[in-house]
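Enquirer:
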Amino acid sequence: MKYWREPLDTGEIDVVRGKVYIIKDRCKGCGYCIEFCPREVLAFSKEFNKKGYHPPMLVKSDGCLNCHYCELLCPEFAIYTVADEGEAGPNPVASATENQKSRLKA
Amino acid sequence: MAIAKRQPKSTSAPLSPDPKHPLEDLIRMERIPHIWCPGCGVGTVFSACLSAIQQTGIDYRKFSMVSGIGCSGRGAGYVRLDSFHTTHGRAIPFATGIKMADPSLNVIVFSGDGDLFAIGGNHFIHAARRNMDITVICVNNFIYGMTGGQVAATTPHMAKSSTTPFGNPDSPFNLPLLAIASGATYVARWTMIHSRDLTLAFEEAIGHRGFSFIEVLSPCPINYTRRNKIKTMDMVRQFHNNTIIKNHANPSELDIDFQKGVVLGKFMDIDKPTPDEILAKLRNQ
């Protein structure tokens, strides 16, 4: 995530991570989840499903922020996300915050 | 090449169907896959409707879904609620009957523009006039989709359809204006891509006392966009880019023109007594 100015509390905010579940054989390949994912986490895969469509696949495995938009848009009930509590990924700007903290200390 | 490189990553993506899809308890899974074409917006509207039903927290036995005929009319067949698939255009009279027989039910009419406004237009205006306590969801795909893409009462001016190959000479209905003029007490319009606002609007409409009407714009990839040489994804992008959200806009400005910008939002939300309440009062006197 890019910020033009980094918020001061970025280190304290827990970023929710999502796990994407794709039921490949239900997909009819409309591409709405791929087109409208705000984090551009999905892409068409090259494989075919049972119906002969290209289902989506995850291309950024840690990119999903569990916004459920793909789940809301999917007309086929073929994709959904679940909050990934176990493996909370690093805050996308946490490393930058560390820099900022060290800068503040200096 | 780029995709091939990324493929090893996709194998690490979770594929196990362990947690169920959150809407599966509301869908008759034995009927899935549904008949809606790839890219059809009805599935999205349907899933927004189911999410709204879930979010209201009301007992599922207190819901009833009624549909007419058409693509969106299949909705009643896929929902795991008490549902009713009725004759063409007559979804609202059946819903009125259900509501009057058991006023404690939340009756949702899930149907299309052709069913509700061309064949059942008369029923719509009178249910709105009476302020029947039902929720009417109209999936407007600008055409008669299931029967083969004939011109409908909502087909835009000069749009091609199977019965108007040189362009539709007529003007379409302005549905929110019609609903407000007929006396509907909750009127909103969204598109299938605004699914969050749509879910909220459905939730609000289910909770609203009186006649609530929500128009949802949706693409018809086979009979509308293909015949008019528009790519379905471009139409959905238009829903995203060429729309203006303006609550309580002037109803006469609500005609659908993507060049000018289509106005979305909630246009009417007022409180008025409903016939079942008035009848119950009279009975108690």
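Residue numbers (our numbering), protein chains in the order written: chain A, 1 to 106; chain B, 1001 to 1285. For every residue, glycine included, the Cβ atom is placed at its ideal position computed from N, Cα and C.
(1) Could I get the ranges of all uninterrupted beta strand (DSSP E) runs contained in the segment 1161 to 1225 of chain B, with 3 residues as the minimum, in chain order?
(2) Please list the segments of the alpha helix (DSSP H) lying wholly inside the segment 1064 to 1152 of chain B, counting only runs of 4 or more residues, in order along the chain.
(3) Report yes if the C-beta distance between residue 1092 of chain B and residue 1110 of chain B is below 8 Å; otherwise report no.
(4) Could you run through the segment 1048 to 1075 of chain B and flag, in chain order, every residue whose CB is less than 8 Å away from some CB of chain A?
(5) Run down chain B in chain order and give the residues with a C-beta less than 7 Å from the C-beta of residue 28 of chain A.
(6) For the segment 1264 to 1280 of chain B against the segment 1187 to 1198 of chain B, do three or more pairs of beta-carbon atoms, one drawn from each stretch, fall closer than 8 Å, so that the two count as touching?
(7) By the DSSP assignment, the alpha helix (DSSP H) with residue 36 of chain A in it spans what residues?
(8) How far does the alpha helix (DSSP H) with residue 1275 of chain B in it reach, from first residue to last?
(9) Once DSSP output is grouped into helix, strand and coil, what is the label at residue 1050 of chain B?
(10) Within its chain, find whatever has a CB closer than 6 Å to the CB of residue 1146 of chain B; leave out the 5 residues flanking it on each side and keep chain order.
(11) Assign residue 1114 of chain B to buried or exposed, taking buried as 16 or more other Cβ atoms, counted over all protein chains shown, within 10 Å of its Cβ.
(12) Rounded to whole angstroms, what's the CA-CA distance from residue 1011 of chain B to residue 1036 of chain B? Just pull it up for me.
(13) Using a Cβ-Cβ cut-off of less than 7 Å, list which residues of the segment 1181 to 1192 of chain B approach chain A; keep chain order.
(14) For the putative contact between residue 1192 of chain B and residue 1041 of chain B, defined by C-beta atoms under 8 Å, what is the C-beta separation to the nearest angstrom?
(15) Please report the distance separating the alpha-carbon of residue 32 of chain A from that of residue 74 of chain A.
(16) Have a look at residue 1272 of chain B and residue 1133 of chain B and give me their C-alpha separation to the nearest angstrom.
(17) Going straight from the alpha carbon of residue 1060 of chain B to that of residue 62 of chain A, what length do you get?
(18) Quick one: using the 10 Å Cβ neighbour count with 16 as the cut-off for buried, is residue 1163 of chain B buried or exposed?
(19) From residue 1174 of chain B to residue 1230 of chain B, what does the alpha carbon distance come to, in whole angstroms?
(20) With DSSP collapsed to three states, give me the class of residue 1158 of chain B.
(21) Taking the CB atoms as reference points, tell me whether residue 1219 of chain B and residue 1038 of chain B lie closer together than 8 Å.
(22) Does the segment 56 to 72 of chain A come within contact of the segment 29 to 45 of chain A, defined as at least 3 CB pairs closer than 8 Å?
(23) In the DSSP assignment, find the unbroken alpha helix (DSSP H) run with residue 48 of chain A in it and report its ends.
(24) Which stretch, first to last residue, makes up the alpha helix (DSSP H) that contains residue 1234 of chain B?
(25) Buried or exposed: which applies to residue 1065 of chain B, given that a residue is buried once 16 or more other Cβ atoms fall within 10 Å of its Cβ?
Expert: Let me lay it out:
(1) 1186 to 1191 and 1212 to 1217
(2) 1075 to 1078, 1091 to 1101 and 1121 to 1130
(3) no
(4) 1048 and 1051
(5) Near residue 28 of chain A (Cβ distances below 7 Å), the residues of chain B are 1038.
(6) A contact exists between the segment 1264 to 1280 of chain B and the segment 1187 to 1198 of chain B.
(7) 32 to 36
(8) 1275 to 1284
(9) Secondary structure of residue 1050 of chain B (DSSP, three-state): helix.
(10) Around residue 1146 of chain B: 1070 and 1071.
(11) buried
(12) Model confidence at residue 1011 of chain B stands at a pLDDT of 44, short of 50, so the residue's coordinates are unreliable; what they give is reported in the following sentence. Taken atom to atom, the span from the alpha-carbon of residue 1011 of chain B to that of residue 1036 of chain B is near 29 Å.
(13) none
(14) The beta-carbon distance between residue 1192 of chain B and residue 1041 of chain B, rounded to whole angstroms, is 4 Å. This is short enough to meet the 8 Å contact definition.
(15) 7 Å
(16) 10 Å
(17) Residue 1060 of chain B and residue 62 of chain A have their C-alpha atoms spaced approximately 36 Å apart.
(18) Residue 1163 of chain B should be labelled exposed.
(19) When rounded, the distance between both Cα atoms is 22 Å.
(20) In the structure shown, the three-state DSSP call for residue 1158 of chain B is coil.
(21) no
(22) These segments touch.
(23) Looking at the DSSP string, residue 48 of chain A is not in any alpha helix (DSSP H), and its letter there is neither H nor E.
(24) Looking at the DSSP string, the run of the alpha helix (DSSP H) that includes residue 1234 of chain B is 1232 to 1241.
(25) buried
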